[in-house]
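Quick note on our numbering: the sequence shown kicks off at 205 and runs consecutively. All C-beta atoms, glycine included, are put in the ideal place defined by N, C-alpha and C. Source: prediction; values computed, not measured.
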Amino acid sequence: LIGFEEAPWMADQARTLASIKQRKQECVRAAPARSCFVIVVPHWGVEYKRLPSQRQKTLAHQFIDAGADMVVGGHPHVVQPFEVYKGKPIFYSLGNFLFDQWFSKETKEGLMLRISLNEKDLAIQIVPTVIDCAAALRCAATVAVAPKKDAKKQIAWLAKNVVGKKVGYIIEGDTLHVPR
């Protein structure tokens, strides 16, 4: 895992790209290429915006081009769409997992990803979550898997709002399959 902070006073894009390349090279030297899997986890984007910014898209593509196998972003406090770029998945924002923003439906939603890797494909089970707000003035510190009907809506929204070309992957139920 490689972290990246987009804030201007912390962002060191060149260093992050160099780190991705270095980690990938070290991993490939130490093990078979297919067993190496580099995930970049950026803190980026515009709060409460459901679609990724052009900067997020540009950075995500640069991370993949540098050797990342997957990008899993956060910060906007809402779920943003995914993209498969050059056969590599990019989740722009997983939304809120546990946070005190119960003022809208979108800020109470989030995603968990269950990642399975094998020789043939990368399978990512998308598990929508919801923050359980039991009181009007304060939010209970619990997260639950979203009810099935809400989970289906969230996955349908993701599938409908894919960024970029809608090729190079298959969605079966709640799982995204990307050939390796």
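For residue j and residue i, the rounded distance between their alpha carbons
| i | j | result |
| --- | --- | --- |
| Val241 | Leu362 | A small correction: the amino acid at residue 241 is Phe; Val does not occupy that position in the sequence shown. Each residue's Cα considered, the two are about 24 Å apart. |
| Leu221 | Ala272 | 9 Å |
| Ser223 | Val282 | 28 Å |
| Leu317 | Val276 | 9 Å |
| Ile374 | Leu263 | 24 Å |
| Ala235 | Lys228 | 11 Å |
| Phe301 | Ile243 | 19 Å |
| Gly249 | Val349 | 25 Å |
| Asp325 | Val382 | 6 Å |
| Arg384 | Ser297 | 23 Å |
| Asn371 | Phe286 | The question names Asn, but residue 371 in the sequence shown is Val. Using only the alpha carbons, I get a separation of about 12 Å. |
| Glu230 | Asp216 | 21 Å |
| Pro280 | Leu315 | 13 Å |
| Tyr289 | Val367 | 9 Å |
| Pro351 | Arg233 | 44 Å |
| Gly291 | Gln258 | 20 Å |
Residue span of the alpha helix (DSSP H) that contains residue i, given as start and end
| i | result |
| --- | --- |
| Ser297 | Note, Ser297: premise wrong, no alpha helix (DSSP H); beta strand (DSSP E) at Lys292 to Leu298. |
| Leu221 | Gln217 to Ala234 |
| Phe163 | Residue numbering for the chain in the displayed model covers 205 to 384; residue 163 lies beyond these limits and cannot be assessed. |
| Ala350 | Unbroken run through Ala350: none, as it is neither H nor E. |
Where the beta strand (DSSP E) containing residue i begins and where it ends
| i | result |
| --- | --- |
| Thr333 | Asp325 to Ile335 |
| Arg318 | Glu313 to Leu321 |
| Leu380 | Thr379 to Pro383 |
| Val245 | Ile243 to His247 |
| Glu376 | Ile374 to Glu376 |
| Val288 | Val283 to Tyr289 |
| Val250 | Element bounds for Val250: n/a, residue is neither H nor E. |
| Val367 | That residue, Val367, is in no beta strand (DSSP E); it is neither H nor E in DSSP. |
Whole-Å CB distance - residue i paired with residue j, under 8 Å assumed
| i | j | result |
| --- | --- | --- |
| Gln284 | Glu313 | Gln284 to Glu313, Cβ: 11 Å. No contact. |
| Pro256 | Met274 | Not quite, the Cβ-Cβ distance comes to about 15 Å (not below 8 Å), so this is no contact. |
| Ala355 | Asp378 | 7 Å |
| Ile330 | Leu380 | 6 Å |
Residue i Cβ short of 7 Å to the ligand GTP heavy atom set
| i | result |
| --- | --- |
| Asp354 | Absence of the ligand GTP is noted for the structure shown, with no ligands found whatsoever. |
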